[in-house]
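The structure appears right after this line, and notes come after that.
There are 2 protein chains.
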Amino acid sequence: MKYHAQVEISLKKGMLNPEASTIQRALALLDYQVEDTATIEIVKFTLEAENPDVAREEVVQMCERLLCNPVIHDYQIQIEAAGD
Amino acid sequence: MKYHAQVEISLKKGMLNPEASTIQRALALLDYQVEDTATIEIVKFTLEAENPDVAREEVVQMCERLLCNPVIHDYQIQIEAAGD
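First to last, the sequence lines map onto chains A and B.
The letter at position 36 of the first sequence is residue 36 when you use full-length UniProt numbering, and the numbering goes up by one with no holes.
The letter at position 11 of the second sequence is residue 11 when you use full-length UniProt numbering, and the numbering goes up by one with no holes.
So this is what it looks like as structure tokens:
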């Protein structure tokens, strides 16, 4: 069966986020004062699996091996049956 | 008053997404077959504004001037009162 997976990848609390600080500084140069800027990346894809648990387990492996760096990233996984 | 803003930035339909195709190919090298890979970036920050409409209008300007490229990106904005 096909499943849609969504992985939300964010930096762990306390980690420096150069992309976010660059965005905040650039916005300030354009006279927009913002604070607490953070960035999150979402990766979405479709995969074949027997059931949602098998799909989730496979996506956890993908996160640990490729999509995230467990030392600096937190990740959240959402799995949904693909409505064929 | 303070507002939390969340901007969800994705490529328009039909646009090539090199990051997503690289992720899909890398996953295949690790024997994970996935399809329809897509990436979305979320930028979150806090800003001061008189009311939600003014906050939204300011964030739209930030998107048009800095955060997004209107030619290739779609963006969605969520505004929430910051619970001080």
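Don't be surprised by glycine CBs; every beta carbon is placed ideally from N, CA and C.
These numbers were taken from a predicted model, which means no experiment stands behind them.
Just checking: is the beta-carbon of residue i within a distance shorter than 7 Å of some beta-carbon in chain B?
i     : result
A/K44 : yes
A/R65 : yes
A/A26 : yes
A/I40 : yes
Please confirm whether residue i and residue j have their CB atoms less than 7 Å apart.
i     : j     : result
A/V34 : A/L67 : no
B/E64 : B/K2  : no
B/F45 : A/T37 : yes
Can you name, in chain order, every residue of its own chain whose Cβ lies under 6 Å from the Cβ of residue i, other than the five neighbours on each side?
i     : result
B/I9  : E41, C68, H73, Y75
A/M15 : I72
Where does residue i land, buried or exposed, given buried means 16+ other C-beta within 10 angstroms?
i                     : result
B/A28                 : exposed
A/A82                 : exposed
residue 85 of chain A : Past the boundaries of the shown model lies residue 85 of chain A; chain A is included only from 1 to 84, so the question cannot be answered.
B/V59                 : buried
Compare the C-beta of residue i against all C-beta atoms of chain A and say whether one is closer than 7 Å.
i     : result
B/L71 : At residue 71 of chain B the sequence reads Val, which differs from the Leu that was named. False, the Cβ-Cβ gap to chain A never drops below 7 Å.
B/D31 : no
Enumerate in chain order the residues of its own chain whose CB-to-CB distance from residue i is below 7 Å, with the five nearest sequence positions on each side excluded.
i     : result
A/T39 : N17, E19, A20
A/V54 : none
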